[in-house]
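Position 376 (the sequence shown) corresponds to 384 in my numbering; numbering is contiguous. So the structure is just underneath, and the comments pick up after that.
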Amino acid sequence: METDVIIIGAGGGGYPGAFRLARSGYRVVIIDPKGELGGNCLFSGCIPSKTIREIAQIVWRNNRILKANLKPDFSLIQDHKDRVQEIRYMQHREELKEFRDNIELIRGKAKLIDNKTVEAETENGMIEVKGRYLVISTGSEPVKPKFPGSEFSITSDDLYGYRTSLRRLPDDITIVGGGYIALETATILKALGYNVRLLVRSDKVLKGFESEIVNTLLPLLGLEIMYNSPILEIKKIGEQEFEVFYSDGKGNKKSLKTGLVMLATGRKPVLPEGAGGILALDSKGHISVDDSMKTNLPNVFATGDVNGKAPYFHAAVRMSIAAAYNIMSNGTPVDYVDFKSIPVTIFTIPPASYVGIMPSEAKRMGISFIEASYELKNDPMAQMYDEMGGVLKLYFERGSLRLIGAWIVGVHAGFVINELGQAVAHGLTARDLAEFADQHPTTNELIAYTARKVL
Ligand code: ADP
């Protein structure tokens with residue numbers, strides 16, 4: 009089989025670019041063992057976890073504001089989650105039909121033979137595909153460290169996976185890890201009424217995030233976090249009961265009893281077989297790319313989690329589109345991804361979001377800035393939900409007053425940050441933000457209020 013572009017992996021880093029290329033008449037072959045579009049985000053990541061999160065917020069708000077005593081049957085939540093996933097799979101199948109003349113989706117696992125030849129291992133045997141361009145968007149997967157009894161633990165894939173067998177949860181849950189997946193899951197399950205604790209190896213959570221954001225967020229989460237407590241062993245002591253052994257940081261082995269252990273100990277890139285041999289990788293095994301998504305081989309692009317630049321679906325989509333444009337220009341880069349204007353949200357309850365250059369980085373870069381902030385306790389939305397903790401902070405370059413960065417912790421953070429992302433991307437100034445009539449009452453209106461403080 010011959011085609012213009014082969015895309016390996018049908019997630020956010022793969023299919024949006026395929027659609028773009030198809031609309032311009034390119035023939036595209038997408039290969040993915042799932043045989044569906046959506047990748048891991050839809051199968052076991054953002055969509056299922058955020059579906060459960062939305063339900064958890066409804067439950068939590070009912071219990072708090074209306075003094076309800078809801079402790080929903082988790083299997084009903086899982087049923088709803090599966091339905092949402094199914095709807096999205098159907099939607100993608102419809103989209104593919106629109107592009108049937110140009111896009112072929114092969115259900116199979118791809119292996120690179122060289123930079124223009126890929127073998128897809130399918131149910132009906134091996135299919136060889138030759139293409140002028142290659143996009144690798146094979147994503148990432150959870151890292152599952154090995155220790156005695158690690159087989160008794162689950163990962164986020166087991167909790168969130170499409171049609172997962174995990175339909176019921178015990179009352180007591182231990183989550184190992186201190187990254188955003190660990191914290192998000194912990195707050196979601198806590199909001200649903202489970203007793204959750206986090207076992208964290210070091211003395212910190214959310215490493216890599218600006219410390220002021222973390223320090224603002226953490227007290228609002230109300231999580232039980234056991235720091236300096238690396239997990240050593242899990243023993244099964246009953247049908248749904250485990251003893252978890254950990255070190256208390258002073259060399260003492262301690263243990264606790266719990267009904268479920270979930271490991272959220274990081275993710276690692278997934279490379280198709282043969283890619284490592286011909287492509288340059290970074291120290292963590294991601295495929296190295298420049299901002300045009302090009303690898304060390306001029307006709308090979310790598311987008312999404314696999315390049316390690318920004319492991320988020322929306323970032324993968326942006327990268328996928330950039331790769332498509334750069335393929336359409338015959339490999340001459342015409343589109344570069346501006347990673348600084350891609351917003352990031354930690355979907356805890358409440359959430360935290362940021363975009364652009366954070367103060368610690370601005371200081372390192374020698375950028376002089378002024379800041380303005382607003383407390384969410386004065387925001388009508390926060391008051392309505394009675395979720396009044398949180399802060400919005402805006403950073404403006406001194407002189408130009410261009411917005412260089414922003415963060416928000418609190419209700420609707422994930423929505424507010426989109427507008428701020430546009431502002432960072434397009435170099436909007438405090439004046440531009442201050443003059444815009446954000447709707448009342450939405451948390452976005454805090455942007456204008458805050459910007460007015462520096463004028
Ligand atoms: P991203 O958001 O970075 O695009 P995802 O993790 O959502 O990444 O999706 C990656 C997709 O790549 C998954 O659907 C996975 O099944 C697929 N994939 C992984 N390895 C291979 C492979 N060797 N051949 C084809 N597809 C693959």
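Using N, Cα and C, we set each Cβ at its ideal position, and we do this for glycine too.
Cβ neighbour criterion (16 or more within 10 Å) applied to residue i
{"i": "I4", "result": "No answer is possible for residue 4: it lies beyond the span of the chain, which begins at 9 and ends at 463."}
{"i": "Y344", "result": "exposed"}
{"i": "R176", "result": "exposed"}
{"i": "E232", "result": "exposed"}
{"i": "P277", "result": "buried"}
{"i": "K292", "result": "exposed"}
{"i": "P449", "result": "exposed"}
{"i": "R171", "result": "exposed"}
{"i": "L78", "result": "exposed"}
{"i": "L74", "result": "exposed"}
{"i": "A288", "result": "exposed"}
{"i": "M373", "result": "exposed"}
{"i": "G285", "result": "exposed"}
{"i": "T340", "result": "exposed"}
{"i": "V151", "result": "exposed"}
{"i": "N338", "result": "exposed"}
{"i": "M1", "result": "Coverage of the chain is limited to positions 9 through 463, which leaves residue 1 absent and any answer about it impossible."}
{"i": "P227", "result": "exposed"}
{"i": "Q447", "result": "exposed"}
{"i": "I66", "result": "exposed"}
{"i": "E10", "result": "exposed"}
{"i": "G398", "result": "buried"}
Chain B within 8 Å of residue i, Cβ atoms only
{"i": "W415", "result": "Looking at the structure shown, chain B is missing, and only one protein chain is on hand."}
First and last residue of the uninterrupted alpha helix (DSSP H) at residue i
{"i": "P277", "result": "Premise fails: P277 lies in the beta strand (DSSP E), 275-277, not in any alpha helix (DSSP H)."}
{"i": "T59", "result": "54-73"}
{"i": "T437", "result": "Note, T437: premise wrong, no alpha helix (DSSP H); not H, not E."}
{"i": "E94", "result": "82-106"}
{"i": "G284", "result": "283-286"}
{"i": "L454", "result": "453-460"}
Any non-hydrogen atom of the ligand ADP within 7 Å of residue i CB
{"i": "D290", "result": "no"}
{"i": "D313", "result": "yes"}
{"i": "I329", "result": "no"}
{"i": "P41", "result": "yes"}
{"i": "K117", "result": "yes"}
{"i": "Q55", "result": "Looking at the sequence itself, residue 55 is Ile, so the reference to Gln does not match. No, the beta carbon of I55 sits no closer than 7 Å to any heavy atom of the ligand ADP."}
{"i": "T146", "result": "yes"}
{"i": "N123", "result": "no"}
{"i": "G17", "result": "yes"}
{"i": "P280", "result": "yes"}
{"i": "G20", "result": "yes"}
{"i": "G25", "result": "no"}
{"i": "A324", "result": "yes"}
{"i": "G47", "result": "yes"}
{"i": "F321", "result": "yes"}
Element boundaries [beta strand (DSSP E), containing residue i]
{"i": "I357", "result": "Run containing I357: none; DSSP gives neither H nor E here."}
{"i": "L268", "result": "268-271"}
{"i": "F377", "result": "377-383"}
{"i": "S148", "result": "148-150"}
{"i": "Y202", "result": "Careful: Y202 lies outside any beta strand (DSSP E) and carries neither H nor E."}
{"i": "R115", "result": "111-115"}
{"i": "V126", "result": "125-130"}
{"i": "V184", "result": "180-184"}
{"i": "H233", "result": "Note that residue 233 is Ile in the sequence shown here, rather than His. That run of the beta strand (DSSP E) goes 232-234."}
Bridge-paired residues (DSSP) for residue i
{"i": "W415", "result": "Y362, K401"}
{"i": "G246", "result": "E249"}
{"i": "F309", "result": "V143, K302"}
{"i": "T11", "result": "G139"}
{"i": "Y23", "result": "Y23 is not bridged to any residue."}
{"i": "K262", "result": "Y254"}
{"i": "V36", "result": "V13, I111"}
{"i": "D122", "result": "T125"}
{"i": "T163", "result": "L271"}
{"i": "G133", "result": "T130"}
{"i": "E241", "result": "F253"}
Check: residue i C-beta below 7 Å from any heavy atom of the ligand MN
{"i": "G435", "result": "Judged by which ligands are present, the ligand MN is missing from the structure shown, whose ligands are the ligand ADP."}
query: How about the stretch 29-49 and the stretch 98-114: do they share at least three Cβ pairs that are nearer than 8 Å?
result: When Cβ pairs closer than 8 Å are counted between the two stretches, the stretch 29-49 is seen to touch the stretch 98-114, the count reaching three or more.
The stretch 343-360 in contact with the stretch 321-329 per 3-pair CB rule at 8 Å: Touching, yes.
query: Just checking, does the stretch 234-252 make contact with the stretch 429-442 on the three C-beta pairs under 8 Å criterion?
result: The stretch 234-252 vs the stretch 429-442: no contact.
query: So, do the stretch 175-190 and the stretch 199-209 have three or more beta carbon pairs nearer to each other than 8 Å?
result: The stretch 175-190 vs the stretch 199-209: in contact.
- request: Would you be able to state if there are at least three C-beta pairs under 8 Å between the stretch 349-368 and the stretch 411-422?
  value: Touching, yes.
- prompt: Taking one C-beta from the stretch 159-174 and one from the stretch 256-265 each time, how about it: are there three or more such pairs within less than 8 Å?
  reply: In short, these stretches do not touch, since the Cβ pair count stays below three.
task: Count the CB pairs spanning the stretch 307-323 and the stretch 154-166 that are closer than 8 Å, and state whether there are at least three.
output: Between the stretch 307-323 and the stretch 154-166 there are fewer than three C-beta pairs closer than 8 Å, too few to call the two in contact.
message: With a threshold of 8 Å, are at least 3 pairs of Cβ atoms found where one atom belongs to the stretch 378-385 and the other to the stretch 188-202?
response: No contact exists between the stretch 378-385 and the stretch 188-202.
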